[in-house]
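This note's numbering applies: residue 4 is where the sequence shown begins, and numbers increase by one.
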Amino acid sequence: MNQIEKYFNAEKYESILFVLVGITAISFALHFLIKIKQPFFNGVSYPLISVALVQIIVGSSVYFRSPKDITRVNQIIQIEKRKIATDEIPRMEVVMKNFLIYRWVEIALLLVGVCMYLFIDSSTFLKGVGLGLMIQASFMLLLDYFAESRGKIYLQFLKSIML
4 MNQIEKYFNA EKYESILFVL VGITAISFAL HFLIKIKQPF FNGVSYPLIS
54 VALVQIIVGS SVYFRSPKDI TRVNQIIQIE KRKIATDEIP RMEVVMKNFL
104 IYRWVEIALL LVGVCMYLFI DSSTFLKGVG LGLMIQASFM LLLDYFAESR
154 GKIYLQFLKS IML
């Protein structure tokens, strides 16, 4: 398996994990809203569902796009290698910059969640929102860390074939 297939297949497999985390979060949230019906658990449910929808949408789009990306980049290398420098490397540089933005947003959400959970008294709705934010921000931070690490390796590979 070449580096291109390795990168995009890993993206595809992680996207399945994104979708599964999203589905699991929605399942828990629905259980909390329908069965438990307590303010704290209702509060946990809203960030679980909100972020889960993003996870499912992003995960699904990456999953279905990855095979096309493999074909696209392999064709570029075979037909017009210079497009790696004009198309794929700039695209990946934008992706890598976006990971920095995602990381800071996820850290901010995690910190907001921690503060809400720690500094709001009793088992209130807002304390639950804090816990939900902590859970989802942690998952997103972890999954994006692995995606960013793969992206760095892939970008280095792209740059190396242009030498």
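The C-beta atom is built at its ideal place from N, Cα and C for all residues, glycine as well.
Because the structure is a prediction, the values reported are computed rather than measured.
> What does a CB cutoff of less than 6 angstroms around Ile39 pick up in its chain, not counting 5 residues either side in sequence?
Replying inline: none
> Thinking C-beta only, is Ser48 closer than 7 angstroms to Leu36?
Replying inline: yes
>> Taking the straight line between their C-alpha atoms, what separation do you get for Ile19 and Pro70?
In response: 14 angstroms
>> Suppose contacts are defined by Cβ-Cβ distances below 7 angstroms. Is Gly116 in contact with Leu136 by that definition?
In response: yes
> Is it buried or exposed for Leu33, if we count other Cβ within 10 angstroms and need 16 for buried?
Replying inline: exposed
> Between the region 6-16 and the region 149-165, do at least 3 Cβ pairs fall closer than 8 angstroms?
Replying inline: yes
> Does DSSP put Leu20 in a helix, a strand or coil?
Replying inline: helix
> Which residue from Met165, Leu23, Phe21, Leu158 puts its Cα closest to that of Met99?
Replying inline: Leu158
>> Contact defined as beta carbons within less than 8 angstroms: I believe Phe43 pairs with Phe128. What is the distance between those atoms, to the nearest angstrom?
In response: 7 angstroms
>> Mapping the DSSP letters down to three states, classify Thr89 as helix, strand or coil.
In response: helix
> Hey, how far is the Cα of Lys84 from the Cα of Arg94?
Replying inline: 15 angstroms
> For Ile26 versus Ile52, is the C-beta distance shorter than 7 angstroms?
Replying inline: no
> Using the C-alpha atoms, what's the distance from Glu8 back to Ala140?
Replying inline: 29 angstroms
>> Given this structure, state the Cα-to-Cα distance separating Leu114 from Ile104, to the nearest angstrom.
In response: 15 angstroms
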